[in-house]
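S.K.: The structure's right below; bear with me while I get my questions together.
Structure representation (C-alpha cells):
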C-alpha cells in the first residue's frame, strides 16, 4: 500500500514540476513573430524584384511579373500597417499571404528570362544572315555589272542599292534609334476621388480625410519604390532628412 502511495506522490510531483517548467519556458511574443513575418515578406519581395530586373534586362515582357509584385507589395504594406497598429495576428496573416502570392515567382521569371535570351540569340543570328546577304547582293551585283561591260550604270547601281537596303533593313532598324524623352517618375497626391485637384491642405485634428498617393513609372523599366509619408502641422519644420540629392546614399537594389 505504501508503494502505491509513493508512486502516486511521485506522479503528482512530476506533473506539477512539468507544469511549472512548461509555464516558465520562454515563449515568442506576438510582436516578434509579426516582425519576423514582415521581414521575410520584404526579403521575398526584394528577391522577386531582382528576378524581374534580370528578366527585363534579358528582353522579357515582365508585365505579368510586375502585376504580381504590386499585389504582393500591397499585402506587405497592409501587414506593416497592421503591425504598427498592434494587430499582430493580422500582420502575420497578411505577410504570409504576400509570401505565398510569390511562391512560384522565381521559376516564372527564370522561364521568361531564358525565353528572352533565346529570342535574342535568334534575332542576332537573323541579323548576321541579313547583313551577309546584303553584302553578297552588293558584291554579286557589281560582278554581274562588270561582266556586262559596265553597261546600264544607273539601273544596276539603283537595283543593287535597293536590294541591299531591303535585306539589311532588319539590322538597320536595330541601329537607327530615334531620340527618346528623358526617363522619370511622377508622384501625385490625390483627393478622395483619385484626382489631383481637391485634396485638403489644412487638416483639422479629429477629422477623417482620405487621400491617395499616385506613382507613375516612366523610367522605361520596372522600379522598386519605398515611399515614406509624414504629416506635419504648421509649427513643425519641413522634412530635411533626405538631404541634398547629391549627398543621398544610393539604393543597393539593381536599377
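In the numbering used here, the protein residues as written are 28 to 282.
Each residue gets a CB set at the ideal place from its N, CA and C atoms; glycine is no exception.
Remember, predicted model here, so these are calculated numbers, not experimental data.
(1) Specify the secondary structure class of residue 238 as computed by DSSP and reduced to three states.
(2) Put residue 244 into one of helix, strand or coil per three-state DSSP.
(3) Near residue 119, which residues of its chain fall below 7 angstroms by C-beta distance, leaving aside the five closest residues on each side in sequence?
(4) Distance check for residue 70 and residue 51, CA to CA, integer angstroms please.
(5) Pop quiz: residue 196 and residue 164 are said to be a contact at Cβ under 8 angstroms. What is the actual Cβ separation, rounded to whole angstroms?
(6) Are the Cβ atoms of residue 214 and residue 232 separated by less than 9 angstroms?
(7) Are there three or more Cβ pairs, one per stretch, closer than 8 angstroms when the region 138-145 is compared with the region 153-172?
(8) Indicate the three-state DSSP secondary structure (helix, strand or coil) for residue 175 in the structure shown.
(9) Under 8 angstroms: do the region 108-128 and the region 76-89 share three or more Cβ pairs, one atom per stretch?
(10) Select from 229, 100 and 79 the residue whose C-alpha is nearest the C-alpha of residue 68.
(11) Look up residue 81 in the DSSP assignment and say whether it is helix, strand or coil.
(12) Once the 5 residues before and after residue 37 are set aside, which same chain residues still bring their CB inside 6 angstroms of it?
(13) Check the DSSP bridge columns for residue 181 and list the partner residues they point to.
(14) How big is the Cα-Cα spacing for residue 74 and residue 110?
(15) Suppose you measure from the CA of residue 131 to the CA of residue 162; what does that come to, to the nearest Å?
(16) Secondary structure at residue 262, three-state DSSP: helix, strand or coil?
M.R.: According to the data block:
(1) Here residue 238 sits in coil by DSSP.
(2) The answer is strand: DSSP assigns residue 244 an E or B state.
(3) A distance below 7 angstroms between beta-carbons, with the five flanking residues on each side excluded, links residue 119 to the following residues of its chain, in chain order: 60, 61 and 64.
(4) With a pLDDT of only 42 at residue 51, under the threshold of 50, the placement of this residue in the model should not be trusted, and no figure is reported.
(5) For residue 196 against residue 164, the beta-carbon gap comes to about 13 angstroms, at or over 8 angstroms, which does not count as contact.
(6) No, the pair does not count as a contact, with Cβ atoms beyond the cut-off.
(7) These segments do not touch.
(8) Residue state, collapsed to three classes: coil.
(9) Judged by Cβ distances under 8 angstroms, the region 108-128 makes no contact with the region 76-89, as fewer than three pairs qualify.
(10) The shortest Cα separation from residue 68 among 229, 100 and 79 belongs to 100.
(11) Here DSSP, grouped into helix, strand and coil, assigns residue 81 to helix.
(12) Residue placement at residue 37 cannot be trusted, given a pLDDT of 47 that sits under 50; the coordinates are not used to answer.
(13) Answer is none; residue 181 lacks a bridge partner.
(14) Roughly 22 angstroms between the two C-alpha positions.
(15) Residue 131 and residue 162 have their C-alpha atoms some 47 angstroms from each other.
(16) Looking at residue 262 - three-state DSSP - the assignment turns out to be coil, as it is neither helix nor strand.
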